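Colleague:
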Amino acid sequence: MRNMNCRNVRREIEEAEPGELSSVSAKAHIASCLACETLFREQSNLQTIISSLGTVEAPGDFDFRLRARLAGESRGTIRSSGLGDFSFGFRSAVVAMLLLLIGSAFVFVSYRARVTNPSTAGTPQVASTAGAPAPVGDTTKGKSGPNANANVPQGAETLNQSQSGVVVAGLKPGDRVPLKRHGVKNELAAARGEGNRFGTRELSGTQAKVLRPNDQILDTYPTAAFPINASYQSLKVSLDDGRGSSRTISLPAVSFGSQRSLSQGGAPLMASARGVW
Amino acid sequence: MDTLTTIDMSFSAALRQEVVADPASDHALLEATRIGDEDAFAELVDRYRNPITSYIYRMTNDYDGAVDLAQETFVRVYRAAERYQTTYAFSTYIYRIATNLAISELRKRKRRKLVSLTGFFQSKDGAEPQEFNPADKRPLADTELVDTERRHAVQRAISTLPEKYRAPLILRDVDGKSYEEISRILETSEGTVKSRISRARGFLREKMRTYL
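For the protein sequence lines, the chains are X and D, in the order given.
For what it's worth, our numbering labels the leading residue of the first sequence as 1, then goes sequentially.
For what it's worth, our numbering labels the leading residue of the second sequence as 1001, then goes sequentially.
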């Protein structure tokens, strides 16, 4: 019975205001029960201490700081409704992707240009009439063309013909065709694949040999007429602009006066006023 | 704060009438705030800034943090003004926001393991470390000093309580809320509130025995 009273009284003490007990029976119990009296006293003191903590005041600039915070948040809301929604990471990713696309496009264009013009890297763009391109420096070997030397007797060393039908006088077989300086430069540059992508070979700098009536060659040809080993095929020049388009220029067969005179049976050397071709 | 939107409360016609009848009531001020009346919101802030700051301070035992959280409380009230329904007393509403913010802050601190160097002793239920705070038994000359020392001691003791006991104790013994309102704020039953308050007082009595 006593325990039941203590439990009820303690519950009442817990719910009571500090120092106040509503029921008379609880007050009577406290007067006779030391444990409940101690609890009541400590509880009252504790609640008094706690309630004495009071209210802590907010700082004086509380309103000002709150207004500033609300203003900042409203600005942030406006900003977030626009492009400011994107974070720094997203913007960085977009910039990186754009740079990657630009780089990829540049690499693709460069690769495509190289694929569509594979011969520009090292080969000169001068083609020959024989169909096969003449390699650089290989223009002096006689008897190599399909139609070459058809009328040329053996021992004619002073005249040389390349595979392309270009007549070069004054060179022995195996000699390299002298090139103009800028022609060499262009060729080397083309071989390195740098600068001008057109490979050129300049042959006009080679001075043709002058034949005179008292030259030894005339002894070989007493008729005062001799054939030259010029090709009767038309001269075809293929030009490639390095971007995939090519153009072929076909020149008619070169007809020299001596050949025409020979075919007519005349004496062209005698007819020549200057005696010089 | 999320729990505010999920709780199911019946509409109180009496509160609605209060809004209409008393233009100076909290509900009326919030209604005015909803339509853009800045002065009405300023009046609400003026009414509740000290109680809310004090309540959060008792919960966290950190004044600067309490001020920040109190401001955050009002910011959330302002932002949610359009969604606010007058089915609650405004004080219940704002105290619930403050409670949730304070508890979130306490949990953050716990995750950061900010344990005091003097927190050698763990509580019996293992909830939070207990501060080693022996009472100074030397005689003090001034009664005011005694009271100050006692208040500091009880504040430190409160701050060592588990949060589920701390909030109802402060709401009841410091702020003087009724059990019914505390149960609304904490979204628990009234019996649970009474039980937790009783447990909290028991903890404090043990810790504060030399002062009682």
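Glycine residues also receive a C-beta, built at the ideal position from the N, C-alpha and C atoms.
Given the structure is predicted, the values throughout are model-derived calculations rather than measurements.
Under 8 Å: do the segment 1142 to 1160 of chain D and the segment 1201 to 1210 of chain D share three or more Cβ pairs, one atom per stretch?
Modeller: yes
Colleague: Just to make sure I have the definition right: I need the residues of chain X whose C-beta is within less than 8 Å of the C-beta of D/A1070. Which are they?
Modeller: A58, F62
Colleague: Check the Cβ of X/R69 against every Cβ in chain D and list those closer than 7 Å, keeping chain order.
Modeller: Simply Q1071, V1075.
Colleague: Can you say whether X/A148 is buried or exposed, counting buried as having 16 or more other CB atoms within 10 angstroms of its CB?
Modeller: For X/A148, the predicted structure reports a pLDDT of 40, less than 50, and the residue's modelled location is therefore unreliable. The matter cannot be settled from this model.
Colleague: Using a Cβ-Cβ cutoff of less than 7 Å, which residues in the same chain neighbour X/C36 once the five nearest sequence positions on both sides are dropped?
Modeller: C6, V9, R10, H29, I30
Colleague: Per DSSP, X/K236 is paired with what?
Modeller: X/S250
Colleague: Please determine whether the Cβ atom of D/Y1165 lies at a distance below 6 Å from any heavy atom of the ligand GDP.
Modeller: By its list of ligands, the structure shown contains no ligand whatsoever, and the ligand GDP lies outside what it can speak to.
Colleague: Which of the residues in the segment 6 to 32 of chain X, read from start to end, lie with their CB under 9 Å from any CB of chain B?
Modeller: Among the protein chains of the structure shown, namely X and D, there is no chain B.
Colleague: I'd like to know whether the C-beta atoms of D/A1167 and D/T1099 end up nearer to each other than 7 Å.
Modeller: yes
Colleague: D/H1027: which of D/R1083, D/I1182, D/E1190 sits nearest, CA to CA?
Modeller: D/R1083
Colleague: What residues from chain D crowd round X/S110, counting only those whose CB sits closer than 7 Å?
Modeller: Near X/S110 there are no residues of chain D at all, since even the closest Cβ is about 55 Å away, more than 7 Å.
Colleague: To the nearest angstrom, how far is it from the Cα of D/F1041 to the Cα of D/F1074?
Modeller: 9 Å
Colleague: Considering just the uninterrupted stretch of the alpha helix (DSSP H) at D/N1100, what are its terminal residues?
Modeller: 1090 to 1112
Colleague: Taking X/I50 as the reference, give the member of D/R1107, D/H1152, D/S1025, D/L1044 with the closest Cα.
Modeller: D/H1152
Colleague: Keeping to the same chain, check which residues put their C-beta closer than 8 Å to that of D/R1034; ignore five residues upstream and five downstream.
Modeller: Once the five neighbours on either side are set aside, the close Cβ partners of D/R1034 are A1081, E1082, Y1084.
Colleague: What number of angstroms, rounded off, separates the C-alpha of X/L179 from the C-alpha of X/S110?
Modeller: Model confidence at X/L179 stands at a pLDDT of 46, short of 50, so the residue's coordinates are unreliable and nothing is read from them.
Colleague: What number of angstroms, rounded off, separates the C-alpha of X/E12 from the C-alpha of D/L1044?
Modeller: A straight line joining the alpha-carbon of X/E12 with that of D/L1044 spans about 37 Å.
Colleague: Does the pairing of the segment 1088 to 1105 of chain D with the segment 89 to 107 of chain X give three or more beta-carbon distances under 8 Å?
Modeller: no
Colleague: Assign D/I1056 to one of two classes, buried (16 or more other C-beta atoms within 10 Å of its C-beta) or exposed (fewer than that).
Modeller: buried
Colleague: For the alpha helix (DSSP H) containing D/K1177, list its first residue and its last residue.
Modeller: Looking at the DSSP string, D/K1177 is not in any alpha helix (DSSP H), and its letter there is neither H nor E.
Colleague: Rounded C-beta distance between X/E15 and D/K1108? I'm assuming under 8 Å.
Modeller: X/E15 to D/K1108, Cβ: 34 Å. No contact.
Colleague: Residues in its own chain within less than 7 Å of D/S1189 by CB, not counting five upstream and five downstream?
Modeller: S1183
Colleague: So which of X/L34, X/L53, X/L21, X/S32 has the shortest CA-CA distance to D/G1176?
Modeller: If we check each option's Cα against that of D/G1176, X/L53 comes out closest.
Colleague: Provide the residue span of the alpha helix (DSSP H) that contains D/G1191, from first to last.
Modeller: 1190 to 1207
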